[in-house]
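Colleague:
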Amino acid sequence: MARCARNDHSCNRCEGPLPFDFTMAFQPIVDLDAGSIHSYEALVRGLQGESAGSVIGQVTGELMYRFDQACRVKAIELASHLDMRETLSINFMPNAVYEPQACIQATLEACSRVGWPTARINFEITETELVKDRQHLRNIIDSYRAMGFTTALDDFGNGYANLDLLTDLRPDTLKIDRDLVRDCDQDRRRQSLLRAVIGLAEELDIQLLAEGIEREEEALWLRDQGIVLQQGFFFARPAVEALSPGLASRLKEMRQT
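Quick note, the sequence shown lines up with residues 254 to 510 if you use this note's numbering.
1. Looking at the secondary structure, which residues open and close the beta strand (DSSP E) in which residue 360 lies?
2. Any idea which residues DSSP pairs residue 405 with across the strands?
3. Go to residue 463, then tell me how far its beta strand (DSSP E) extends in each direction, as first and last residue.
4. Could you have a look at residue 481 and say whether DSSP puts it in helix, strand or coil?
5. Return helix, strand or coil for residue 497, following the three-state DSSP convention.
6. Does the distance from the C-beta atom of residue 347 to that of residue 390 stay below 8 Å?
7. List the whole-angstrom C-beta distance separating residue 442 from residue 436, where the pair is believed to meet the contact cut-off of C-beta under 8 Å.
8. Could you spell out the range, first to last residue, of the beta strand (DSSP E) harbouring residue 296?
9. By the 10 Å Cβ neighbour count, where 16 or more other Cβ atoms means buried, how is residue 486 classified, buried or exposed?
10. Inspect the CB distances between the region 502 to 510 and the region 350 to 357 and report whether three or more fall short of 8 Å.
11. Between 333, 422, 418, which lies nearest to residue 396 when the distance is taken from Cα to Cα?
12. Please classify residue 378 as buried or exposed, where buried requires at least 16 neighbouring CB atoms within 10 angstroms.
13. Any idea what DSSP makes of residue 321, helix, strand or coil?
14. Just the Cα atoms here: how many angstroms apart are residue 357 and residue 277?
15. Only counting the same chain, and skipping five residues up and downstream in sequence, which positions put a Cβ closer than 7 Å to that of residue 409?
16. I need the straight-line Cα distance from residue 472 to residue 466, nearest angstrom please.
17. For the region 331 to 343 against the region 298 to 313, do three or more pairs of beta-carbon atoms, one drawn from each stretch, fall closer than 8 Å, so that the two count as touching?
18. Residue 285 by DSSP, collapsed to three states: which one?
19. I'd like to know whether the C-beta atoms of residue 282 and residue 501 end up nearer to each other than 8 Å.
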């Protein structure tokens, strides 16, 4: 792992303008037990609502560190502007973090500037297949926890975000991928796998969050198994520079189901 380039409170890798602009959409993560919105995930979008891929496709290797920092700051600033009261979940690329204590400075400065508590920031780990230094990733998670942040491992059950990561990493939350969630209310094989994941999470004291919920039947089956934190199009699609205030009444109705 190369050393951090920060010097005299500045970093030529992470700071400076990007050659393109972008914004954020926010998708709610709900708590079906409480019948409320638990948090929001910030998702990158183009200024006219273009897809994340259209934005990320402009990020070269040279711009990766700067883009990662810019996404964190943009998400915090927009969440504050929208008067978000829930936890803010931000994706980050492990390979864009050289030294956690140094690379978190722009995030801390943004939090201080807008008055956002660090306890209301959750970092979602993405692109774990590109991380060859597992100890480095563990150091990031442990350092963030010590600073008051929480962390989540995204896409669990799909591709590289699998069981072997849990031999070294201690995230607060596992986000169960849509591949495991799809048709879980009627697919017995998926039900068996999900029950195994639930038991594993209980043993490791890790919170579970099911993502990619598209049908009410999936949501209710998962809730009945104890997975009450959920996210997906069934509840709300990501909204560009907006929250989902109309969802609260619907969640209260589901709580009675």
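We treat Cβ as the ideally placed atom computed from N, Cα and C, and that holds for glycine.
Modeller: Well, looking at it:
1. Within the sequence shown, the letter at position 107 stands for residue 360. Element bounds for residue 360: not the beta strand (DSSP E) but the alpha helix (DSSP H), 358 to 367.
2. For the purposes of this step, residue 405 is taken as the residue at position 152 of the sequence shown. Per DSSP, the beta-bridge partners of residue 405 are 377, 426.
3. As a first step, residue 463 is located in the sequence shown; it is residue number 210 there, counting from the start. 460 to 464 is the span of the beta strand (DSSP E), which, as asked, contains residue 463.
4. Position 228 of the sequence shown holds residue 481. Note: residue 481 maps to coil in three-state DSSP.
5. The residue labelled residue 497 in the question sits at position 244 within the sequence shown. Coil.
6. As a first step, residue 347 must be located in the sequence shown, where it is residue number 94. As a first step, residue 390 must be located in the sequence shown, where it is residue number 137. Contact: yes.
7. By 1-based counting over the sequence shown, the position of residue 442 is 189. By 1-based counting over the sequence shown, the position of residue 436 is 183. Rounded, the Cβ-Cβ distance is 10 Å, inconsistent with contact.
8. As a working mapping, residue 296 is identified with position 43 in the sequence shown. Unbroken beta strand (DSSP E) run through residue 296: 289 to 298.
9. Taking the sequence shown and counting its residues from 1, one reaches residue 486 at position 233. Classification of residue 486: exposed, given that the 10 Å Cβ count is below 16.
10. no
11. Locating residue 396 in the sequence shown gives position 143, where the first residue counts as 1. Comparing Cα-Cα distances from residue 396 to each of 333, 422, 418, the minimum goes to 422.
12. Numbered from its first residue, the sequence shown carries residue 378 at position 125. Its Cβ being crowded by 16 or more others within 10 Å, residue 378 is buried.
13. Position 68 of the sequence shown, counted from the first residue, corresponds to residue 321. Helix, per DSSP.
14. On the sequence shown, position 104 is the one that residue 357 refers to. On the sequence shown, position 24 is the one that residue 277 refers to. Their Cα atoms are separated by approximately 20 Å.
15. In the sequence shown, counting from the first residue as 1, residue 409 sits at position 156. For residue 409, where only same-chain residues beyond five positions count, the Cβ hits under 7 Å are 427, 428, 429, 430.
16. Residue mapping note: residue 472 aligns to position 219 of the sequence shown, counting from 1. Residue mapping note: residue 466 aligns to position 213 of the sequence shown, counting from 1. When rounded, the distance between both Cα atoms is 6 Å.
17. no
18. If you number the sequence shown from 1, residue 285 lands on position 32. Coil at residue 285, not helix or strand.
19. Walking along the sequence shown from the start, residue 282 turns up at place 29. Walking along the sequence shown from the start, residue 501 turns up at place 248. Not a contact, by the Cβ cut-off of 8 Å.
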